[in-house]
Amino acid sequence: MTPQEMPLLDAQAWRERGLARVAGLPIGPRLVQRGRVRAAADGIAQVSGLPDVRLNELVHFPGGRQGYVAALDEDSAHCVLLDDHRAIEVGQAVARSGDVVRVPVGNALLGRVVDPLGRVLDGGPPLVTPERLPAHRPAPSILDRAAVHEPVHTGTLALDALFPLGRGQRELIIGDRGTGKTSIAIDALIAQRDSDIVGVYVAVGQKSEAVSAVVKALRDAQVLQRCIVVVATGADAPGLQWLAPFAGFSMAEHFRDRGGHALIVVDDLSLHASTHRELALLMRQPPGREAYPGDIFHVHAQLLERAARLSPARGGGSLTALPIARTEAGNLSAYIPTNLISITDGQIVLDTKQFHLGQLPAIDTGLSVSRVGAKTQAPLMREVVSSLRLDYAQFLELEAFTRFGTELDEHVKARIARGRRIRAVLAQPRLAPETVALQMALLLALQGGVLDPLEPAQVKDSLGGLREALRADPELSARLATREHIDADQRQALLQSVARLIKA
């Protein structure tokens, strides 16, 4: 081959590659089914002329606005708008997309604040992510699931000791307004700073100021870069608020389906249920109990069932859910609370009286439960806390009894003093998650009697020094945080080490 022939051959190869690439493109006319807006108000558009449209299908309105089909009549479709409904007018054209609502997923979302459609809200550059997943996805089948056997460290001692959480579990956080529900969930996200768990926080119907405070807390804790914040405030379209939890789950499932681990917080599902009721009534669906439509249980069950631990054949990833729900005057028997309690694997109930007394976290230990998380605890933790919950429950009964001014014997006084020390150990300020090592040190000291000479106020004072001492002794911290079984001699050695640190 002569040098003069080589450019000609390169040009021919380039031409053949180009023709092969063009041959795979869908060139030619594309039919798009279009309809007309029959009526539009309050975030709902009634559309006619789309006989083949499907439920949950994305439709396009003029001006780049979007909606999805939420209900079908004989000759029309009810579309929930994802943008401001005031720009939609009767007679405007509506085009089918042929696809469902999809949301962007991937590592590009980490550290970003977005709306449920992936539009950035933090003032940063637009997302560049090639992959999108449907917002509505089926839950993993039974054969694709594995048992919950690994812990999720929440950083809240009362939870990790009494109501432990496992990877793949769904634990409801429920209580009246202003009792610290969001703080517990944010502590759990912050506690994943050094773990392999990705956090997703979904704000549904919240005020912008509250969302800004959450973002600031995550940023100050240097954990925002491992979190995705999905926001649909109360000022957004009802359809966008309704879509937010489903979009957040799809973003979290991206990591789970690749063998990773994710923790999603939905704040909160009570407001989501109210939005669902609002949309259902606007679409003239028959109301049921408390005016909620009959499918509200199905909607929330379909959503929360997507949280699971996958089997090794599916990669072994996990998605843990912490949904939040609000009660009115502590009424757990209302419709939405009872629904969510029956769907989830346990609940953390927050008590208004404890909160007003300054007992944080204000967890009602009598009503709270974790149904599957106990098996995930490390052997040492399980052994240390085996009698803690019973001792604390008995203390609360005795403390209530002493309000009548009854004279107490020395045995009862000792039980009450121990209960107050337990309460002091479990007390924890908001946005201050603790390490596993510090939690184990406190529990060992409590059970071993090291804290018996101290008053409850002195227990709190000893935390600062103990925290610094453990930070300076990584070997002891590693032994305290071990998940391996230890014998009695090893445990006694750990107790002596902790006692020296507390007395120092």
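The opening residue of the sequence shown carries number 3 in the working numbering; numbering runs sequentially from there. Glycine is no exception: its CB is placed at the ideal position from the N, C-alpha and C atoms.
Residues that DSSP places opposite residue i in a beta bridge
i, result
"V233", "A205"
"G69", "V61, L83"
"Q48", "A41, H80"
"H487", "Partner(s): none; H487 has no beta bridge."
"R134", "P106"
"S372", "G348"
"P295", "P289"
"I365", "L352"
"V116", "V122, V232"
"R36", "A97"
"L558", "Nothing about residue 558 can be read from this structure; the chain reaches only from 3 to 506."
Pairwise C-alpha distance: residue j and residue i
i, j, result
"S372", "G318", "22 Å"
"L446", "L369", "26 Å"
"A234", "A426", "38 Å"
"A43", "W244", "17 Å"
"S345", "D75", "Per the sequence shown, residue 345 should be read as Ile rather than Ser. Looking at the two C-alpha atoms, the distance is approximately 31 Å."
"M3", "G65", "Residue confidence for M3 is low, a pLDDT of 47 falling below 50, so the modelled location carries little weight; the figure read from the coordinates is stated next. So the alpha carbons of these two residues sit roughly 59 Å apart."
"P5", "R19", "Low per-residue confidence applies at P5: pLDDT is 47, beneath 50, and the placement is therefore not dependable enough to give any value."
"A483", "A439", "5 Å"
"N58", "Y70", "5 Å"
"L33", "S78", "20 Å"
"R121", "A212", "20 Å"
"H155", "R195", "11 Å"
"M8", "E133", "Because M8 carries a pLDDT of 47, less than 50, the predicted location of this residue cannot be relied on, and no value is offered for it."
"R485", "A443", "14 Å"
"Y203", "V232", "6 Å"
"L10", "R17", "Low local confidence applies: a pLDDT of 49 at L10 is under 50, so the model's placement there is unreliable, and no value is given."
"D347", "R172", "5 Å"
"V200", "S272", "24 Å"
"D222", "V115", "15 Å"
"L497", "A187", "31 Å"
"G261", "R420", "44 Å"
"L220", "K505", "34 Å"
"S320", "T437", "22 Å"
"I343", "P314", "29 Å"
"I326", "S335", "16 Å"
"S276", "Y294", "8 Å"
"F406", "H413", "18 Å"
"Q361", "G466", "19 Å"
Check whether residue i and residue j have beta carbons under 9 Å apart
i, j, result
"A205", "D269", "yes"
"I266", "G113", "no"
"G168", "A148", "no"
"I298", "Y337", "yes"
"R104", "L135", "yes"
"A72", "H62", "no"
"I175", "I418", "no"
"V216", "T184", "yes"
"R179", "R328", "yes"
"R258", "A190", "no"
"A395", "T367", "yes"
"D162", "M383", "yes"
"L281", "G241", "yes"
"R36", "A95", "yes"
"V55", "Q48", "no"
"A249", "P118", "yes"
"E255", "A264", "yes"
"D475", "L453", "no"
"P106", "L129", "yes"
"Q430", "L226", "no"
"D86", "Q68", "no"
N-terminal and C-terminal residue of the alpha helix (DSSP H) that residue i is part of
i, result
"I298", "298 to 306"
"P476", "476 to 482"
"D393", "390 to 404"
"A439", "438 to 449"
"P140", "Note, P140: premise wrong, no alpha helix (DSSP H); not H, not E."
"L428", "412 to 428"
"L382", "381 to 386"
Beta carbon proximity, residue i to chain B, threshold 9 Å
i, result
"Q498", "Note that chain B does not occur in the displayed structure, where there is just one protein chain."
Check: residue i C-beta below 8 Å from any heavy atom of the ligand FMN
i, result
"L245", "Among the components modelled here there is no ligand, and therefore nothing to report on the ligand FMN."
Going residue by residue through the segment 310 to 359, where are the continuous alpha helix (DSSP H) segments of at least 4 residues, counting only ones entirely within it?
337 to 345, 354 to 358
Runs of beta strand (DSSP E) wholly within the segment 147 to 231 (minimum 3 residues, chain order):
174 to 177, 199 to 206
Which parts of the segment 247 to 292 are runs of the alpha helix (DSSP H), unbroken and 4 residues or longer, counting only runs that do not cross its ends?
271 to 284
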